[in-house]
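**Student:** Protein chains in written order, with the numbering used here: chain A, 8 to 120; chain B, 862 to 976.
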Amino acid sequence: GESVGLHLPTLSVQEGDNSIINCAYSNSASDYFIWYKQESGKGPQFIIDIRSNMDKRQGQRVTVLLNKTVKHLSLQIAATQPGDSAVYFCAEMVAGGGNKLTFGTGTQLKVEL
Amino acid sequence: GAVVSQHPSRVICKSGTSVKIECRSLDFQATTMFWYRQFPKQSLMLMATSNEGSKATYEQGVEKDKFLINHASLTLSTLTVTSAHPEDSSFYICSAPSRQWNEQFFGPGTRLTVL
Chain A
8 GESVGLHLPT LSVQEGDNSI INCAYSNSAS DYFIWYKQES GKGPQFIIDI
58 RSNMDKRQGQ RVTVLLNKTV KHLSLQIAAT QPGDSAVYFC AEMVAGGGNK
108 LTFGTGTQLK VEL
Chain B
862 GAVVSQHPSR VICKSGTSVK IECRSLDFQA TTMFWYRQFP KQSLMLMATS
912 NEGSKATYEQ GVEKDKFLIN HASLTLSTLT VTSAHPEDSS FYICSAPSRQ
962 WNEQFFGPGT RLTVL
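#1: What ranges does the beta strand (DSSP E) occupy inside the segment 28 to 81 of chain A, keeping only unbroken runs of at least 3 residues that lie completely in it?
#2: Bridge partners for residue 966/B per DSSP, in chain order?
#3: Determine the burial state of residue 116/A: buried for a count of at least 16 other Cβ atoms within 10 Å of its Cβ, exposed for fewer.
#4: When burial is assigned at 16 or more other CB atoms within 10 Å of the CB, is residue 58/A buried or exposed?
#5: Tell me which residues share the same chain as residue 974/B and place their Cβ nearer than 8 Å to its Cβ, disregarding the 5 neighbours each side in the sequence.
#6: Secondary structure at residue 22/A, three-state DSSP: helix, strand or coil?
#7: Under three-state DSSP, which class holds residue 948/B?
#8: Taking 8 Å as the limit between beta carbons, can you name the residues of its chain near residue 807/B, skipping five residues before and five after?
#9: Looking only at DSSP bridge pairs, what is residue 93/A linked to?
#10: Under 9 Å, do residue 112/A and residue 26/A count as touching if we go by C-beta distance?
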């Protein structure tokens with residue numbers, strides 16, 4: 008059942024600083040991307056999304072940047088708060104792919120007081 | 862936003878028994894639901910697509926006879942782990958897309974522990 012020896016990449020930031028979480032996606036045909044936040048023992052929670060015809064989208068305290076040339080996605084969190092501590096996943100979807108999501112490996116964000 | 866529930870939230874069973882996990886869309890109808898498995902410190906891996914009124918579609922490497930999926934109504938999909946073994950211990954999560962084609966809502970997950 009469980010795989011051993013795997014550790015999520017961890018990003019530690021001070022409270023109040025900005026956080027940048029990166030994601031490399033795999034499918035050049037993907038045209039919709041989402042960032043999810045997952046707290047321990049809970050399901051993923053939607054943060055922000057972006058379509059492939061955009062390169063930047065802003066939400067409340069969060070910004071997603073998309074670079075299709077290098078297949079890279081980033082999530083920026085402004086003024087990081089303790090409540091932002093969680094694992095963050097990017098996910099990609101291909102139009103016409105039956106709404107299937109492919110998740111990235113995830114990053115553990117730790118906010119230090 | 863729309864709500865997806867799962868039951869039970871956690872279950873412990875003996876090796877060799879079968880366990881059923883329910884996924885419900887509480888305030889919207891879902892002709893499609895998705896089942897994921899997540900091992901500790903790993904990402905979500907799609908297991909199968911549950912289709913209302915027809916057979917589920919399984920991802921490569923997922924045994925359909927071991928993970929039985931039934932989507933009997935527009936608000937309920939069930940995943941049954943048959944003859945569970947300790948290696949099936951994992952966090953099982955379902956999701957359902959909303960009317961907007963690209964927005965999905967996730968359930969809170971079910972922690973399965975097989976002794």
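Virtual Cβ for every residue (Gly too), placed ideally from N, Cα, C.
**Tutor:** This is what the structure gives:
#1: 39 to 45, 52 to 58, 63 to 65 and 69 to 74, all fully within the segment 28 to 81 of chain A.
#2: Walking along the second sequence from the start, residue 966/B turns up at place 105. Partner(s): 957/B.
#3: One-based indexing of the first sequence puts residue 116/A at position 109. Buried.
#4: Residue mapping note: residue 58/A aligns to position 51 of the first sequence, counting from 1. Exposed, because fewer than 16 other Cβ atoms sit within 10 Å of the Cβ of residue 58/A.
#5: Position 113 of the second sequence, counting from 1, holds the residue named residue 974/B. Only 871, 872, 873, 874 and 950 meet the Cβ criterion.
#6: Sequence index remark: in the first sequence, residue 22/A carries index 15 (1-based). Correct three-state label for residue 22/A: coil.
#7: In the second sequence, residue 948/B corresponds to position 87, counting from 1. Helix.
#8: Lying outside 862 to 976, the shown extent of chain B, residue 807/B is not represented and no answer is given.
#9: Taking the first sequence and counting its residues from 1, one reaches residue 93/A at position 86. Beta bridge pairing from DSSP links residue 93/A with 116/A.
#10: Numbered from 1 along the first sequence, position 105 holds the residue referred to as residue 112/A. Numbered from 1 along the first sequence, position 19 holds the residue referred to as residue 26/A. No, Cβ-Cβ distance for residue 112/A and residue 26/A is not below 9 Å.
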